[in-house]
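Visitor: When you line the sequence shown up against our numbering, it's residues 7 to 141, in that order.
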Amino acid sequence: MTELHERLVQWKQSLLPKHPTTLAINYVLNQWHELNQFLADAAVAIHNNLAEQEMKRIALNRKNNLFVGNERGGQTAAILSSLTSTCRRHNIDPQLYLTQLLTNLPTTPISQLDDWLPDRWHQHQAHQHDQTAAV
Numbered sequence: 007m008t009e010l011h012e013r014l015v016q017w018k019q020s021l022l023p024k025h026p027t028t029l030a031i032n033y034v035l036n037q038w039h040e041l042n043q044f045l046a047d048a049a050v051a052i053h054n055n056l057a058e059q060e061m062k063r064i065a066l067n068r069k070n071n072l073f074v075g076n077e078r079g080g081q082t083a084a085i086l087s088s089l090t091s092t093c094r095r096h097n098i099d100p101q102l103y104l105t106q107l108l109t110n111l112p113t114t115p116i117s118q119l120d121d122w123l124p125d126r127w128h129q130h131q132a133h134q135h136d137q138t139a140a141v
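(1) Kindly indicate which three-state DSSP category leucine 72 falls into: helix, strand or coil?
(2) Helix, strand or coil, according to DSSP, for isoleucine 31 in the structure here?
(3) Using a Cβ-Cβ cut-off of 8 Å (strictly less than) and excluding sequence neighbours within five positions of histidine 96, which residues of its own chain qualify?
(4) In the DSSP assignment, the alpha helix (DSSP H) including serine 20 goes from what residue to what residue?
(5) By alpha-carbon positions, which one of Pro23, Leu35, Lys24, Thr28 ends up nearest to glutamate 9?
(6) So what's aspartate 120 in DSSP terms, helix, strand or just coil?
(7) Does the region 27 to 34 come close enough to the region 52 to 67 to have 3 or more Cβ pairs within less than 8 Å?
(8) So, helix, strand or coil for isoleucine 98, using DSSP?
(9) With a cut-off of 8 Å, do at least 3 Cβ pairs link the region 82 to 99 to the region 57 to 73?
The structure is reproduced here in structure tokens:
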């Protein structure tokens, strides 16, 4: 990466300031710290495609939810949107998850509500599937 940085600086000096390649090099150099974060921490992705996809979904929902009826309807729509986004991120069928959640929620003690968060529910489902497959 150090060698790449040096080459970019050299190329930038040999081009005209308004040249499209100079603009591209300037962009990379201005984002240099962020570009290198993925090298320092393996948990950091080199791209933000997932975040971009969710932002697009939020923008589309904003238009679709213009007429939710009232503030409470808007809050409900936001909660459902958040749950379905989380389900999609964890490869969960949102209809299956919400069906099981709404069926079991009335009898679930408050101390066990966290078990119904999509990521934990998914882990529990996978564990049950593994036990069933082992038998």
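Ideal Cβ placement from N, Cα and C applies to all residues, glycine included.
Guide: Working from what's here:
(1) Judged by DSSP in its simplified three-state form, leucine 72 adopts coil rather than helix or strand.
(2) Assignment of isoleucine 31 by DSSP, reduced to helix, strand and coil, places it in the helix class.
(3) The residues Pro124, Asp125, His128, in chain order, have a CB closer than 8 Å to that of histidine 96 in the same chain once the five nearest residues on each side in sequence are set aside.
(4) Counting along the chain, serine 20 sits inside the alpha helix (DSSP H) bounded by residues 8 to 20.
(5) When each option's Cα is compared against that of glutamate 9, the closest is Leu35.
(6) Aspartate 120: helix per DSSP, three-state reduction.
(7) By the C-beta criterion, the region 27 to 34 is judged not to be in contact with the region 52 to 67, since fewer than 3 inter-stretch pairs fall below 8 Å.
(8) Note: isoleucine 98 maps to coil in three-state DSSP.
(9) Because the criterion of three Cβ pairs below 8 Å is met, the region 82 to 99 and the region 57 to 73 touch.
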